[in-house]
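A.B. asks:
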Amino acid sequence: MPVYPISPKRVPVPPFVSVLALWSLAVFPLTFVFPFEIKVVPYLALLAIAVHLLRTSKEVRTGYGEMKPVVLAFGLYLPYSLLGIWIHKGIISSADNGVHLLYFLGIAACFAVLPSRRLFWCGLSAAAIGAGALAIFQRVGLGIDRPYGMFGINALGLSGSIKFGMVTTVFTLLALQAALDGCLPRRFRLWHAAGVLVGLGGCLVIGSRGPWLALLVVGSAIAGAKVMLLDRRRRLIAAGITVLLLALLFALFHEELHERYVFTVGELSVMRSGDLNTSIGGRLVMWKAAWALFLAHPIVGVGMNQFGPHLREMVALGQAPEFVAIFSQTHNEYLEALATGGLIGIAYLLWLFFAPTLLFLRHLSRPGFDANAATGGLIVIASFALFAVSDNVFDRQVTTSLFAFLTLGFAMMVVQKLPVAASAGDGATEKPSREAAVI
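Heads up: the sequence shown begins at 215 in the numbering used here, then just goes up one per residue.
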């Protein structure tokens, strides 16, 4: 099986450029957890490196050609947004997501010159540790019921918590994938295991049910795939360790789990009595409104960021209860795409998900390519696809940027040819080399 610490065949660039790209990408995941103004440094550094690589390296440009469907899906989003703004006479700020996708499409070039992929994965687990520790501190140390990290709060109070839960979940799942990689030295696996445990603790105290669903489904898939490769004795050991860790997490955070359980049961009880003014009930009302808007405007929808005004019109006409008038999104990315973009909008959203998914699946077991990068990309896509069922994932810069950064980064990594040693079979013995530098 491919071993992800082995670097791809070195793209000829000055050593300073590759080292700067490595450390900028390694610390970049932390900018999604701690969005200080200093994040502009890695942002600008990666942009400068990407411009240099695109101008001087044919190998890097070839990498974009190898993932052409993904490049088109992300690159055409800005023109698609501008066309929608023109058709619906919308506001220019609706093109923000398109600008962000173009930026991350550009800096994906930096992933082609990583001298060590191991350090980048360590950066992902560092983000899981940082997010989990911050969430636990806010819950235990500051007494915040729903930790929101540094994402702030708004009039509704929970948007920051939900997005914080998404970010923490993605990094925790990627840490889990790395921790279960039997080809890694023990010290690195322990680092990733710490990312899993602290990240899981953070996810539990944040208490966002959408990320919990992704954590359960995707986490079980990761663990199940790894367990299937073990013999019976090791499967029993793995099962025992899993039970112990889950028991430990339950003992530490049973109060938070109980609170969310009671809250959910209470919501369902209130809804059965006919009162939909709850978190779940409000979503059902907005989903019904989104479907009605789609049926009324089936081809191009009502326009980006126009669900809120149309929902308030429905409230004024008595077609929706008054308590949902404060919302501006459908809390379902698929229905949001249908309502605001019609059939064209949902087709584009599915293209954003499926184009990279097909690329990752094609390279997952392809000899000579990075299977761990392909798996990491699938983890990101699956997580966001599940998040999108109960919330909007592209309504805030942090989650939009995280999706683009990881998806495009893993896509560029997965199309890079690995050295012969890295694509050898399970019985091959790996030996360090200058080409397979590990930092």
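Even for Gly, the Cβ is constructed at its ideal location relative to N, Cα and C.
By alpha-carbon positions, which one of Asn-519, Leu-531, Phe-541 and Leu-239 ends up nearest to Leu-498?
C.D. replies: Reading the sequence shown from its first residue, position 284 is the one you call residue 498. The option with the nearest alpha carbon to Leu-498 is Phe-541.
A.B. asks: Quick one: using the 10 Å Cβ neighbour count with 16 as the cut-off for buried, is Asp-584 buried or exposed?
C.D. replies: If you number the sequence shown from 1, residue 584 lands on position 370. The residue is buried, with at least 16 neighbouring Cβ atoms inside 10 Å.
A.B. asks: Taking Cβ to Cβ, would you say Phe-624 is nearer than 9 angstroms to Ala-599?
C.D. replies: In the sequence shown, the residue the question calls residue 624 occupies position 410. In the sequence shown, the residue the question calls residue 599 occupies position 385. Their beta carbons are not under 9 angstroms apart, which means Phe-624 does not touch Ala-599 by this criterion.
A.B. asks: Suppose only complete runs of 4+ residues qualify. What are the alpha helix (DSSP H) ranges in the stretch 274-302, listed by chain order?
C.D. replies: Complete alpha helix (DSSP H) runs here, min 4: 282-289 and 291-302.
A.B. asks: What alpha helix (DSSP H) runs, 4 residues minimum, are completely inside the stretch 324-399?
C.D. replies: Fully enclosed alpha helix (DSSP H) runs of 4 or longer: 331-350 and 373-393.
A.B. asks: So, Thr-544 versus Gly-517, is the Cβ gap smaller than 9 angstroms?
C.D. replies: By one-based count along the sequence shown, residue 544 stands at place 330. By one-based count along the sequence shown, residue 517 stands at place 303. No, the pair does not count as a contact, with Cβ atoms beyond the cut-off.
A.B. asks: Which first and last residues belong to the alpha helix (DSSP H) in which Leu-531 is found?
C.D. replies: Your numbering for residue 531 matches position 317 in the sequence shown. That residue, Leu-531, is in no alpha helix (DSSP H); it is neither H nor E in DSSP.
A.B. asks: Decide if Leu-370 is buried, meaning its Cβ has at least 16 other Cβ atoms within 10 Å, or exposed.
C.D. replies: One-based indexing of the sequence shown puts residue 370 at position 156. Reliability fails at Leu-370, whose pLDDT of 49 lies under 50, so the model's placement of it is uncertain and the value that follows must be treated cautiously. With fewer than 16 other Cβ atoms within 10 Å, it is exposed.
A.B. asks: Count the other CB atoms within 10 Å of the CB of Ala-428; is the residue buried (16 or more) or exposed (fewer)?
C.D. replies: Here the question's residue 428 lines up with position 214 in the sequence shown. Classification for Ala-428: buried.
A.B. asks: Under the assumption that Leu-244 contacts Ala-340 (Cβ atoms under 8 angstroms), give the Cβ distance between them as a whole number of angstroms.
C.D. replies: Working through the sequence shown from its first residue, we reach residue 244 at position 30. Working through the sequence shown from its first residue, we reach residue 340 at position 126. Right, their Cβ atoms sit about 6 angstroms apart.
A.B. asks: Taking DSSP as the reference, what is the three-state secondary structure of Thr-492?
C.D. replies: Indexing the sequence shown from 1 puts residue 492 at position 278. Residue state, collapsed to three classes: coil.
A.B. asks: Please give the ranges of any alpha helix (DSSP H) in the stretch 547-586, keeping only runs that are unbroken, at least 4 residues long and fully inside the region.
C.D. replies: If we require 4 residues or more, the alpha helix (DSSP H) runs fully inside the stretch 547-586 come out as 547-577.
A.B. asks: Would you kindly report the start and end of the unbroken alpha helix (DSSP H) that includes Thr-210?
C.D. replies: Outside the shown range of the chain (215 to 653) lies residue 210, about which nothing can therefore be said.
A.B. asks: Can you name the start and end residues of the alpha helix (DSSP H) that Gly-424 belongs to?
C.D. replies: Sequence index remark: in the sequence shown, residue 424 carries index 210 (1-based). Here the alpha helix (DSSP H) through Gly-424 covers 423-441.
A.B. asks: Can you grab the Cα-Cα spacing for the pair Leu-292 / Asn-311, in whole Å?
C.D. replies: As a working note, residue 292 is residue 78 in the sequence shown. As a working note, residue 311 is residue 97 in the sequence shown. Roughly 7 angstroms between the two C-alpha positions.
A.B. asks: To the nearest angstrom, report how far apart Gly-363 and Leu-632 are at their CA atoms.
C.D. replies: Taking the sequence shown and counting its residues from 1, one reaches residue 363 at position 149. Taking the sequence shown and counting its residues from 1, one reaches residue 632 at position 418. Taking the straight line joining both Cα atoms gives about 38 angstroms.
A.B. asks: Out of Leu-394, Gly-454, Phe-351 and Gly-438, state which residue places its alpha-carbon closest to the alpha-carbon of Val-412.
C.D. replies: Here residue 412 refers to the residue found at position 198 when the sequence shown is read from its first residue. Per the Cα distances, Phe-351.
A.B. asks: Helix, strand or coil, according to DSSP, for Val-514 in the structure here?
C.D. replies: For this step, residue 514 is matched to residue 300 along the sequence shown. In this structure, Val-514 counts as coil in the three-state DSSP scheme.
A.B. asks: Around the Cβ of Glu-251, are there at least 16 other Cβ atoms within 10 angstroms (buried) or fewer (exposed)?
C.D. replies: Position 37 of the sequence shown, counted from the first residue, corresponds to residue 251. Its Cβ having fewer than 16 others within 10 Å, Glu-251 is exposed.
A.B. asks: How many angstroms separate the CA atom of Ile-653 from the CA atom of Gly-415?
C.D. replies: As a working mapping, residue 653 is identified with position 439 in the sequence shown. As a working mapping, residue 415 is identified with position 201 in the sequence shown. Here the model assigns Ile-653 a pLDDT of 34, short of 50, so the residue's position is not dependable and the matter cannot be decided.
A.B. asks: If I follow the unbroken alpha helix (DSSP H) through Thr-544, where does it start and stop?
C.D. replies: Here residue 544 is taken as the residue at index 330 of the sequence shown, counted from 1. Here Thr-544 belongs to no alpha helix (DSSP H), and DSSP marks it neither H nor E.
A.B. asks: Could you tell me whether the stretch 318-330 touches the stretch 269-282, using the rule of 3 or more Cβ pairs below 8 angstroms?
C.D. replies: Touching, yes.
A.B. asks: Please classify Asn-311: does DSSP put it in a helix, a strand, or coil?
C.D. replies: Walking along the sequence shown from the start, residue 311 turns up at place 97. Three-state DSSP puts Asn-311 in a helix.
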